[in-house]
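In the working numbering, the protein residues as written are 7 to 467.
These notes concern the structure reproduced below.
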């Protein structure tokens with residue numbers, strides 16, 4: 007069976023990433039290629055600002071992805087929605103049944119559609135996830151198959167500002183690419199890097215991006231809280247520029263010598279005061295960590311509700327010393343989020359830590375998504391070549407030259423003396439020659455006679 011190829015696009019604040027993944031019959035996702043384009047100020051807080059530049063960057067990425075799979079063409083993509091305006095609200099839906107009835111999947115579908123139809127001012131609902139069910143006031147995790155006269159469902163409504171989705175649609179339409187579907191970035195990343203045990207025990211997912219930090223709290227296997235903070239790792243970079251560094255150089259310094267914890271000053275490179283740089287980094291990191299810890303209170307929880315700890319993702323999570331400082335501040339264990347065992351990397355150059363966001367899109371649609379690439383054209387078998395004479399070229403040329411000789415060839419000249427004794431009837435040509443010889447011999451004889459007479463006469467005298 008032909009493998010299904012999925013193409014994903016992730017539009018972030020600092021870069022745009024694209025990826026190709028193929029899904030086999032067993033459901034295993036293999037990430038085959040990841041490409042990215044860096045952007046500055048084209049996407050702010052997850053919302054596209056410069057449609058033209060972002061569209062060109064997407065076109066470049068898709069061209070490079072196609073080059074990684076010769077013979078195939080991209081027909082559509084899956085994208086993600088997220089950003090500063092993403093938030094969560096709770097919706098309660100209740101339905102009374104005329105008689106005691108068995109709860110089915112159709113009942114849950116109708117309840118979810120009713121929750122999705124909830125009107126939110128200037129916001130668009132992008133996902134509806136279940137939070138709690140109860141049948142006849144009895145709380146249950148899975149109501150399907152139970153009997154009752156009333157069903158109550160509590161849903162999480164994930165929404166964003168309409169402009170975020172509208173601008174993303176404008177970019178993709180200008181790139182002449184069809185969108186097969188969209189996923190919510192925070193939910194997709196959570197499904198990729200969190201285990202079911204962590205969600206049931208209680209954990210916090212922190213996505214530390216360039217301009218936003220998204221905090222998602224899970225308990226009893228469901229999402230309990232989600233908030234997006236308008237701050238990120240780029241704030242640290244911009245703080246370093248106050249020391250008279252260009253943003254590109256400030257970003258390099260942050261990655262190479264920056265640390266979130268106090269460290270010894272190293273003046274071996276350039277003449278910059280690295281202690282000042284790390285003091286600036288430490289101050290901004292302290293602010294970000296304080297806001298992350300505050301979300302636990304906003305979720306109406308305590309650290310004891312999250313024994314599975316904090317899972318970190320995003321480019322900002324790679325800042326040296328950040329995870330250890332977050333662990334000290336929250337007194338929760340911290341680990342870096344990576345794709346699960348059902349995701350494989352076909353190229354050793356792909357770094358899962360850096361590409362979690364776009365890999366999460368592939369994983370979210372791997373099971374039910376449609377193929378995004380055409381199948382390569384079948385290879386035609388070469389037609390049989392006509393039979394050729396395999397004799398050496400020199401022989402063939404010689405034969406050709408012989409074939410081009412004139413049809414009439416002059417007969418070779420005969421030897422005049424050949425066959426004189428054996429041939430009783432010489433040819434006319436031979437007779438003429440013999441006649442000439444006889445004439446010649448007769449003349450010689452005459453001369454011989456003349457010479458003989460003269461000699462005799464002289465002797466007589």
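Glycine included, C-beta positions come from ideal geometry on N, C-alpha and C.
Predicted model, so just to flag it, every value in this text is computed and none were measured.
- Of all C-beta pairs linking the region 232-240 to the region 336-343, fewer than three are shorter than 8 Å, placing the two stretches out of contact.
- Relative to the Cα of residue 328, the nearest Cα in the group 356, 120, 221, 214 belongs to 214.
- If you check the CB distance, residue 135 and residue 193 come in under 9 Å.
- Listed in chain order, the alpha helix (DSSP H) runs fully inside the region 234-270 are 239-246, 253-262, counting runs of at least 4 residues.
- C-alpha of residue 289 to C-alpha of residue 325: approximately 14 Å in a straight line.
- Annotation for residue 72: the continuous alpha helix (DSSP H) segment containing it runs 57-74.
- Per DSSP, reduced to three states, the secondary structure at residue 14 is strand.
- Around the beta carbon of residue 348, fewer than 16 other beta carbons lie within 10 angstroms, which makes this residue exposed.
- Taking every protein chain shown into account, the CB of residue 352 has fewer than 16 other CB atoms within 10 angstroms, so this residue is exposed.
- Straight through space, the alpha carbons of residue 71 and residue 15 are spaced by roughly 11 Å.
- Residue environment analysis places residue 315 among the buried positions, since at least 16 neighbouring C-beta atoms fall within 10 angstroms of its C-beta.
- Taking the C-beta atoms as reference points, residue 13 is found no nearer than 9 Å to residue 87.
- Contact fails between the region 76-96 and the region 202-210, because fewer than three Cβ pairs, one in each stretch, are under 8 Å apart.
- Excluding its 5 nearest sequence neighbours in each direction, residue 223 has C-beta neighbours in its own chain below 6 Å: 210, 230, 231, 305, listed in chain order.
- DSSP lists 12, 37 as the bridge partner or partners of residue 27.
- Leaving aside the five residues that flank residue 299 on each side, the residues in its chain whose CB is nearer than 8 Å to its CB run, in chain order, 335, 336.
- Residue 326 carries a coil assignment under DSSP once its states are collapsed to helix, strand and coil.
- Of the residues 9, 48, 30, the one whose Cα lies closest to the Cα of residue 22 is 48.
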